[in-house]
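In our numbering, the protein residues as written are 34 to 656.
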């Protein structure tokens with residue numbers, strides 16, 4: 034519920050076949066309590082009870098805040114466990130009729146339509162409230178399993194887990210996090226520490242990247258799918274594919290062998306069913322005939338089974354298998370699903386490495402840690418480091434922990450467990466802290482001491498004896514989708530600091546925008562574009578019948594890194610006044626100089642061609 038100065042509505046088009054008939058356009062309202070409502074599956078068990086509670090609660094709140102009007106807004110995005118449309122509409126209709134008896138002005142926002150709306154939250158302590166209403170006699174626990182997917186024992190353990198938190202600095206000093214003196218340089222580490230210790234993952238408002246992902250036609254919600262499943266537009270697909278190629282090249286460079294494995298597995302498989310309860314993730318489950326399957330939440334399962342069937346010698350170690358998993362699935366809580374930060378379906382570059390023993394595992398861990406540091410540098414986002422240890426392992430490997438901190442060159446957050454709740458004894462995560470002070474893990478590596486025995490994965494040593502190796506789980510990048518989230522949030526944070534919001538040059542869908550002064554110079558623009566294209570630079574042409582000022586403003590809005598205006602002077606001199614977004618400069622440059630500067634910044638990075646028609650006038654609108 035939001036107490037707003039006003040509500041203005043614009044009905045767009047039908048979202049479902051059985052949308053209600055609109056007899057008159059919705060009226061605007063002033064001083065209005067807007068109740069955004071999602072009717073859930075559990076409500077079907079007591080519709081009358083839910084209607085009565087809903088009407089009473091909204092009426093009471095409107096009185097408390099002094100609202101002169103009430104608006105009931107059907108808002109399916111609040112839940113991933115929706116009732117049928119017929120039940121939802123009945124709850125909305127019946128609640129409306131009840132409220133009309135006592136309230137001077139009640140607005141029922143049309144059900145089953147896409148709508149535009151504008152509100153202005155009043156900002157007082159009661160102006161933003163939330164409620165969960167269940168049929169009388171029901172408790173949240175009775176429906177939690179259905180709403181949250183299958184919950185593993187590891188996840189239940191994680192919720193109840195007692196952790197001790199420390200900060201380890203570059204001198205090797207371990208200080209309890211609550212006693213650590215955070216300064217200006219460690220302000221972000223403080224935010225990360227507070228977030229981790231609070232363990233509150235739900236998001237209470239929309240993060241900035243959601244606006245950016247839609248405005249830049251990168252990605253969007255897919256109303257025809259489950260929550261946390263996104264649609265990706267051409268620009269977003271290009272960014273994802275460049276990131277995927279980059280991380281795949283990094284893994285190939287250290288000898289990672291790329292494989293593909295199924296996305297669903299038999300829940301009754303003896304080894305897999307045990308592993309499910311050791312992995313902290315909620316699962317999608319489905320039936321095929323009379324057998325139950327689960328959708329993978331990482332590439333672990335297929336790689337374990339593949340390694341079990343392999344013949345492995347000590348000469349083959351370290352052995353690295355890698356999969357770019359399109360897709361992995363985790364049934365995340367609905368309150369955590371906002372934008373690209375946390376999804377239910379995502380792309381995860383996933384590598385599993387076998388090593389002879391713990392000494393070799395630590396060497397491999399260090400190498401993968403260095404690769405992850407390089408990845409974060411390529412991405413250009415700020416991040417904080419969290420390292421999680423079983424205490425006994427930390428006590429035996431203090432020097433190893435100190436080396437990780439020295440390599441990072443800054444203090445890191447340490448989480449310590451007295452007992453081992455999961456299959457690993459340690460892991461690191463590089464965490465991005467966003468504009469809402471929420472942290473999200475990107476790069477990560479774990480040392481697993483359980484699963485080679487559980488899945489009977491063996492190698493033969495020099496004496497011909499079979500042994501179980503140590504296994505590392507690594508995602509050098511973390512989820513590709515989450516990397517895009519971090520890039521967009523970083524752009525916003527930079528903008529708040531007075532910098533220009535933009536993507537790294539190698540990931541910008543358009544790297545150079547050509548803006549001919551008039552149609553007379555369109556042919557010349559095409560010649561320049563061909564030359565840039567030959568040099569693997571993504572270039573487009575604003576051929577619209579607009580003023581040059583409008584073309585420049587639109588290019589700036591799109592975060593175009595280089596903008597070149599083309600007219601008679603440029604054609605005669607072959608020199609250009611290049612607007613460079615990263616520095617804010619206007620530089621006098623020749624075409625070879627522009628090419629050399631861009632290549633100097635994108636050298637070694639993957640390239641893919643322009644994802645949209647070169648001429649702006651030929652492009653459709655996706656959002």
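All C-beta atoms in this analysis are idealised placements derived from N, C-alpha and C, irrespective of residue type, glycine included.
With contacts defined as CB atoms closer than 8 Å, residue 47 and residue 170 fail to qualify as a contacting pair. As DSSP reads the structure, residue 233 sits in no beta bridge.
When only Cα atoms are considered, residue 265 and residue 632 end up about 27 Å apart. Boundaries of the beta strand (DSSP E) around residue 320: 318-321. DSSP, reduced to helix, strand and coil, places residue 390 outside both helices and strands of the structure shown, so it counts as coil.
Assignment of residue 608 by DSSP, reduced to helix, strand and coil, places it in the strand class. Taking the Cα of residue 654 as reference, the smallest distance to any Cα among 250, 240, 88, 166 is reached at 250.
In this structure the region 379-396 does not touch the region 606-620; the number of beta carbon pairs closer than 8 Å is below three. Looking at the DSSP output, residue 383 sits in a beta bridge with 356. Residue burial is scored here from C-beta neighbours: residue 506 has at least 16 other C-beta atoms within 10 angstroms and is therefore classed as buried.
Excluding its 5 nearest sequence neighbours in each direction, residue 414 has C-beta neighbours in its own chain below 7 Å: 465, 519, 520, 523, listed in chain order.
Under the three-state reduction of DSSP, residue 146 is assigned to strand. Rounded to the nearest whole angstrom, the C-alpha separation of residue 646 and residue 652 is 6 Å. Within its own chain, the residues whose Cβ lies closer than 7 Å to the Cβ of residue 324, once the five positions on either side in sequence are excluded, are 299, listed in chain order. Among the bridge pairs identified by DSSP, residue 558 is matched with none.
Between the alpha carbons of residue 474 and residue 165 lies a gap of roughly 29 Å. When 481, 155, 349, 57 are compared, the shortest CA-CA separation from residue 39 is found for 155. For residue 452, there is no enclosing beta strand (DSSP E), since its DSSP letter is neither H nor E. Between residue 469 and residue 440, the C-beta spacing is not below 8 Å.
By the neighbour-count definition (other C-beta atoms within 10 Å, threshold 16), residue 96 is an exposed residue. Taking all protein chains shown into account, residue 35 has 16 or more neighbouring C-beta atoms within 10 Å of its C-beta and is therefore buried. DSSP places residue 104 inside the beta strand (DSSP E), whose first and last residues are 102-107. When DSSP reads this structure, residue 197 sits in a beta bridge with 449. Scanning 130, 112, 418, 98 for the CA closest to the CA of residue 84 turns up 130.
Excluding five sequence positions before and after residue 124, the CB atoms of its chain that fall closer than 8 Å to its own CB belong to 70, 72, 76, 80, 83, 84, 87, 116, given in chain order.
Listed in chain order, the alpha helix (DSSP H) elements of length 4 or more contained wholly in the region 400-446 are 424-429, 431-441. With a 10 Å radius around the Cβ and a threshold of 16 neighbouring Cβ atoms, residue 136 comes out buried. Secondary structure note for residue 535: it is in no alpha helix (DSSP H), with a DSSP letter that is neither H nor E. DSSP lists no bridge partner for residue 215.
Residue 294 and residue 356 do touch by the CB rule: their CB atoms are close to 6 Å apart, below 8 Å. Per DSSP, residue 57 lies in no beta strand (DSSP E) segment and is marked neither H nor E.
It is roughly 31 Å from the alpha-carbon of residue 502 to the alpha-carbon of residue 276. In the DSSP assignment, residue 631 falls within the alpha helix (DSSP H) that extends over 624-635.
No Cβ-Cβ contact shorter than 8 Å links residue 229 with residue 369. In this chain, the beta strand (DSSP E) harbouring residue 64 covers 62-70. Excluding residues up to 5 positions away in sequence, nothing lies with its Cβ nearer than 7 Å to the Cβ of residue 119 in the same chain.
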